[in-house]
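Residue numbers (mature numbering (1 follows the signal peptide of the UniProt record, and there is no 0)): -17 to -1, 1 to 207. Here the structure is laid out as structure tokens; the discussion comes afterwards.
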């Protein structure tokens, strides 16, 4: 079993806005146009997307969303759950939120009968490193399921989209290659507040239940 010490990582800093300077002398304008131009410069800018109907609709929907609530899946008996071996690979960025997500996932599985000594954890720097250590865990730890937990936060570039696409594809490939389920617990959020909302919701409970269901299917396919 691996014994890796987790270290706190600094939170990502805010992105600085860039100012654009236009070279060359301004074009001549009459007094009326000059006053209009000054007024336009002094007026506060409207929030991006404030008038976008799609954004408004999404925000209304989010207010009523209960992340992870209502998931009903076939669960193992407590005796079956006690024999399952669970792997968790977690990232170090935003460690407080990751700790909350992981602890709630573990608590849910323990309520269903999983033994704490049958849960093995490994920590990695960020989401990009999840597939490699997941592969190592699948090859060496004899686990019935692996839960990958991380947070990808949108910044000023497409970095998040690139990493999310690569990690998702690799984790999907690993579970098919090793015939062992991998639970996708990587949050892809536009703002850190969205990650906080999900960490405080029932979403981690759904990861725990999903892991037990898939681990049970790995042991023996359950059909109706």
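Here a beta-carbon is modelled for each residue, glycine too, at the ideal position from N, C-alpha and C.
Please return the same chain residues whose Cβ sits closer than 7 Å to the Cβ of residue 56, not counting the five positions on each side in sequence. As a first step, residue 56 must be located in the chain shown, where it is residue number 73. Result list for residue 56: 192, 193 and 196, in chain order.
Please report the straight-line C-alpha distance between residue 112 and residue 97, rounded to a whole angstrom. For this step, residue 112 is matched to residue 129 along the chain shown. For this step, residue 97 is matched to residue 114 along the chain shown. Taking the straight line from one Cα to the other gives about 27 Å.
Output the distance between the C-alpha atoms of residue 21 and residue 187, rounded to the nearest integer angstrom. Start at 1 with the first residue of the chain shown, and residue 21 comes out as number 38. Start at 1 with the first residue of the chain shown, and residue 187 comes out as number 204. For residue 21, the predicted structure reports a pLDDT of 46, less than 50, and the residue's modelled location is therefore unreliable. The matter cannot be settled from this model.
Is the distance from the Cβ of residue 95 to the Cβ of residue 65 below 7 Å? Reading the chain shown from its first residue, position 112 is the one you call residue 95. Reading the chain shown from its first residue, position 82 is the one you call residue 65. Cβ atoms of residue 95 and residue 65: not closer than 7 Å.
In terms of residues, what are the limits of the beta strand (DSSP E) holding residue 141? Locating residue 141 in the chain shown gives position 158, counting from the first residue. Judged by DSSP secondary structure, residue 141 falls outside any beta strand (DSSP E); it is assigned neither H nor E.
Length-filtered (4 minimum) alpha helix (DSSP H) runs lying within the region 130 to 185: Complete alpha helix (DSSP H) runs here, min 4: 142 to 161 and 175 to 182.
Is residue 132 near residue 172, with beta carbons less than 7 Å apart? Taking the chain shown and counting its residues from 1, one reaches residue 132 at position 149. Taking the chain shown and counting its residues from 1, one reaches residue 172 at position 189. The Cβ-Cβ distance between residue 132 and residue 172 does not fall below 7 Å.
DSSP on residue 60, reduced to helix/strand/coil? Residue numbering aside, residue 60 sits at position 77 when the chain shown is read from its first letter. In this structure, residue 60 counts as coil in the three-state DSSP scheme.
Between which two residues does the alpha helix (DSSP H) carrying residue 94 extend? Here the question's residue 94 lines up with position 111 in the chain shown. Its alpha helix (DSSP H) spans residues 78 to 94.
In chain order, what residues of the same chain have a beta carbon less than 6 Å from the beta carbon of residue 12, not counting five sequence neighbours either side? Looking up residue 12 in the chain shown gives position 29. Note that residue 12 scores a pLDDT of 49, beneath 50, so its modelled location is shaky and nothing firm can be said.
What do you reckon, are the CB atoms on residue 127 and residue 68 nearer than 7 Å? Here residue 127 corresponds to residue number 144 of the chain shown, with the count starting at 1. Here residue 68 corresponds to residue number 85 of the chain shown, with the count starting at 1. For residue 127 and residue 68, yes; Cβs fall inside 7 Å.
Residue 163 versus 206, 145 and 201, residue with shortest Cα-Cα distance: For the purposes of this step, residue 163 is identified with residue 180 of the chain shown, where counting begins at 1. Minimum Cα distance to residue 163 is reached at 201.
Specify the secondary structure class of residue 119 as computed by DSSP and reduced to three states. Numbered from its first residue, the chain shown carries residue 119 at position 136. When secondary structure is reduced to three states using DSSP, residue 119 falls in the helix class.
Should residue 203 be counted as a contact of the ligand FMN given a C-beta to heavy atom distance under 6 Å? Inclusion of the ligand FMN in the displayed structure is not the case, the ligand content being empty and no account of it being possible.
Excluding the five sequence neighbours on either side, which residues of its own chain have a C-beta within less than 7 Å of the C-beta of residue 125, listed in chain order? Mapped onto the chain shown, residue 125 falls at position 142. Excluding residues within five positions, the ones whose Cβ falls inside 7 Å are 68.
Is residue 88 buried or exposed, if buried means 16 or more other CB atoms sit within 10 Å of its CB? Position 105 of the chain shown, counted from the first residue, corresponds to residue 88. Under this definition residue 88 is a buried residue.
The beta strand (DSSP E) with residue 70 in it runs from where to where? Taking the chain shown and counting its residues from 1, one reaches residue 70 at position 87. Per DSSP, residue 70 is one residue of the beta strand (DSSP E) stretching across 69 to 74.
Under 6 Å Cβ to Cβ from residue 151, same chain only, skipping five residues before and after it: list those, please. Taking the chain shown and counting its residues from 1, the one referred to as residue 151 is at position 168. Correct list: empty, nothing qualifies.
Can you tell me whether residue 165 is buried or exposed, with buried defined as 16 or more other CB within 10 angstroms of its CB? Here residue 165 refers to the residue found at position 182 when the chain shown is read from its first residue. Taking a 10 Å sphere around the C-beta of residue 165, we find 16 or more other C-beta atoms and assign the residue as buried.
So, under 8 Å CB-CB, residue 182 and residue 54 are touching, yes? Tell me the CB distance rounded to an integer number of Å. One-based indexing of the chain shown puts residue 182 at position 199. One-based indexing of the chain shown puts residue 54 at position 71. In this structure residue 182 is not in contact with residue 54, their Cβ atoms being roughly 17 Å apart against a cut-off of 8 Å.
Whole angstroms is fine: what's the gap from residue 137's alpha carbon to residue 59's? Position 154 of the chain shown, counted from the first residue, corresponds to residue 137. Position 76 of the chain shown, counted from the first residue, corresponds to residue 59. CA-to-CA, the gap between residue 137 and residue 59 works out to about 37 Å.
Closer than 7 Å by C-beta to residue 157: which residues in its own chain qualify, once you throw out the five before and the five after it? Chain order, please. Numbered from its first residue, the chain shown carries residue 157 at position 174. Sequence-distant partners of residue 157 (beyond 5 residues in either direction) whose C-beta falls short of 7 Å from its own C-beta, in its chain, are 114, 117, 118, 121 and 165.
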